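Asks: One structure, pasted below without further comment.
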Amino acid sequence: MQQERPFDLLNKMLGKQMMVRLKGGTHIRGTLVSFDIHMNLVIHDAEEVEDGAAKAKIGTLLLRGGNIIYVSPV
476 MQQERPFDLL
486 NKMLGKQMMV
496 RLKGGTHIRG
506 TLVSFDIHMN
516 LVIHDAEEVE
526 DGAAKAKIGT
536 LLLRGGNIIY
546 VSPV
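For the sequence shown, counting from 1, position 10 maps to 485 in the working numbering; every step adds exactly one.
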């Protein structure tokens, strides 16, 4: 089975819901709109999630790639 490269996975996630964990333990859920080679992400309809429930609505968000621990499809 051929391994996927990180940007292949991000391309498949464009326009779809995703979960992002940031340094410090914050979880963000929203729709991936775009990304760049530094893994900076633009997310629409972003919300902070705690214990599986929305804690705060954020809207459109730019996440700096250096702060991201992982991304996962929802």
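C-beta atoms are modelled at their ideal positions from N, C-alpha and C, and glycine is treated no differently. Because the structure is a prediction, the values reported are computed rather than measured.
1) Mind the definition here: the segment 496-510 touches the segment 523-531 only if three or more C-beta pairs lie below 8 Å; say whether that holds.
2) Sorted by chain position, which residues of the same chain lie with C-beta nearer than 7 Å to residue 530's C-beta, five sequence neighbours on each side aside?
3) Would you kindly work out how many angstroms separate the C-alpha atoms of residue 488 and residue 499, rounded to a whole number?
4) Please report the straight-line C-alpha distance between residue 535 and residue 519, rounded to a whole angstrom.
5) For the candidate residues 495, 508 and 515, whose alpha-carbon lies nearest to that of residue 527?
6) Determine the burial state of residue 507: buried for a count of at least 16 other Cβ atoms within 10 Å of its Cβ, exposed for fewer.
7) Taking C-beta to C-beta, are residue 541 and residue 516 nearer than 9 Å?
Replies: Judging by the given coordinates:
1) yes
2) 523 and 524
3) 24 Å
4) 4 Å
5) 495
6) buried
7) no
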